[in-house]
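Enquirer: So that we are looking at the same thing, I have put the structure below in structure tokens.
Shown next, in the form of structure tokens:
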């Protein structure tokens, strides 16, 4: 048991529905497996399940707990700051792949 720290600039959605809820309502949450630390109050780039940069969001809450099934989970609450333009999305997506996602794919 231990906490995994997320790197500061990325908030990656595993569920397309959680991302769509955030984009539609301006607020949302995502659930991640394991204990993770997301810095409350920080603005980060949100990525869809295909690792494409979508928006800037602000982390408004982070709760790590053991659920009723005995699994370690972290719920992250956030609010939408704004969607990225196509140009911004392209640049952020390429940078994140080079810095983070590409390395993780090679290690797996």
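In the working numbering, the protein residues as written are 235 to 342. By construction, the Cβ of each residue, glycine as well, lies at the ideal position given by its N, Cα and C atoms. Quick caveat, the model's predicted, so the values are computed rather than measured.
For residue 327, count neighbouring Cβ atoms within 10 angstroms of its own Cβ and tell me buried if that reaches 16, exposed if not.
Expert: buried
Enquirer: So what does residue 295 bridge to, in DSSP terms?
Expert: 311
Enquirer: Look at the Cβ atom of residue 293, then the Cβ atom of residue 275, and state whether they are nearer than 8 Å.
Expert: yes
Enquirer: In three-state DSSP terms, what is residue 268?
Expert: coil
Enquirer: Pull up the DSSP beta-bridge partners for residue 280, would you.
Expert: 245, 289
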